[in-house]
Amino acid sequence: MVHLPPGTRIDNFIVGQLLGKGGFGAIYEIEATTAVPQSSAWRYSCFAHWTSADSFCHFCRTHGKGRETLPQGTFNYVIMTLVEKSIQELRKMSPEQLFSINTAVGIQSLEALPDLHSIGYLHRDVKPGHITTGRTEIGELQKIYMLNFGMARKYVK
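This is the structure:
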């Protein structure tokens with residue numbers, strides 16, 4: 001996996017702090033050098049061509065994608081809208097690691113799957129760590145997003 005130090009430039013974005021990483025990539029907070037909402041760069045580019053469609057409201061909007069070659073290596077990336085902590089992280093932060101959650105979280109999480117299936121993809125790694133809420137400052141705290149498509153695959157009907 002390629003490590004991107006803060007200050008690295010990718011397209012019209014400057015890399016900030018590392019927010020998280022997994023087996024398929026890393027997530028960085030980034031700053032746009034042009035007028036684009038605050039975003040996060042994911043180190044893989046699955047589904048960048050459709051996540052900006054308004055009909056898929058449980059997937060982060062994409063603001064760019066590409067392939068970059070830096071001295072550290074070559075990698076694919078997607079620029080996505082920044083969201084809050086995952087459901088898994090919120091549960092861990094709560095007292096006794098119990099999390100009484102509104103049924104809407106479960107419903108919204110399940111609603112995202114038919115959206116994904118309708119375009120011919122299976123997620124294959126649905127779990128609390130790949131589900132997050134929108135950001136408070138833009139009024140999306142009660143909106144659920146599905147993340148991490150590293151295991152997703154296109155299926156044939």
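Heads up: the sequence shown begins at 1 in full-length UniProt numbering, then just goes up one per residue.
Every residue gets a Cβ at the ideal spot worked out from N, C-alpha and C, and that includes glycine.
- Distance from the CA of residue 68 to the CA of residue 1, rounded to the nearest whole angstrom, comes to 13 Å.
- If you draw a straight line from the Cα of residue 79 to the Cα of residue 20, it comes to about 15 Å.
- Residue burial is scored here from C-beta neighbours: residue 118 has fewer than 16 other C-beta atoms within 10 angstroms and is therefore classed as exposed.
- For the pair residue 151 and residue 137, the Cα-to-Cα distance works out to about 31 Å.
- When secondary structure is reduced to three states using DSSP, residue 9 falls in the strand class.
- Distances from the CA of residue 65 to each of 153, 76, 57, 3 were compared; the closest alpha carbon is that of 76.
- Around the beta carbon of residue 74, fewer than 16 other beta carbons sit within 10 angstroms, so the residue counts as exposed.
- Check the Cα spacing between residue 11 and each of 129, 24, 145, 34: the tightest is with 34.
- Distance between residue 95 and residue 7, taken at the CA atoms: about 37 Å.
- In this structure, DSSP gives residue 93 a helical state, which the three-state scheme calls helix.
- Inclusion of residue 131 and residue 87 in the CB contact set at 7 Å is warranted, their separation being smaller than that value.
- Taken in chain order, the complete beta strand (DSSP E) segments of 3 residues or longer contained in the stretch 63-144 are 73-81, 131-133.
- Counting along the chain, residue 25 sits inside the beta strand (DSSP E) bounded by residues 25-32.
- The shortest C-alpha to C-alpha distance from residue 156 to any of 120, 61, 28 is the one to 120.
- In chain order, 130 place their CB closer than 6 Å to the CB of residue 148, counting only its own chain and leaving out the 5 sequence neighbours on each side.
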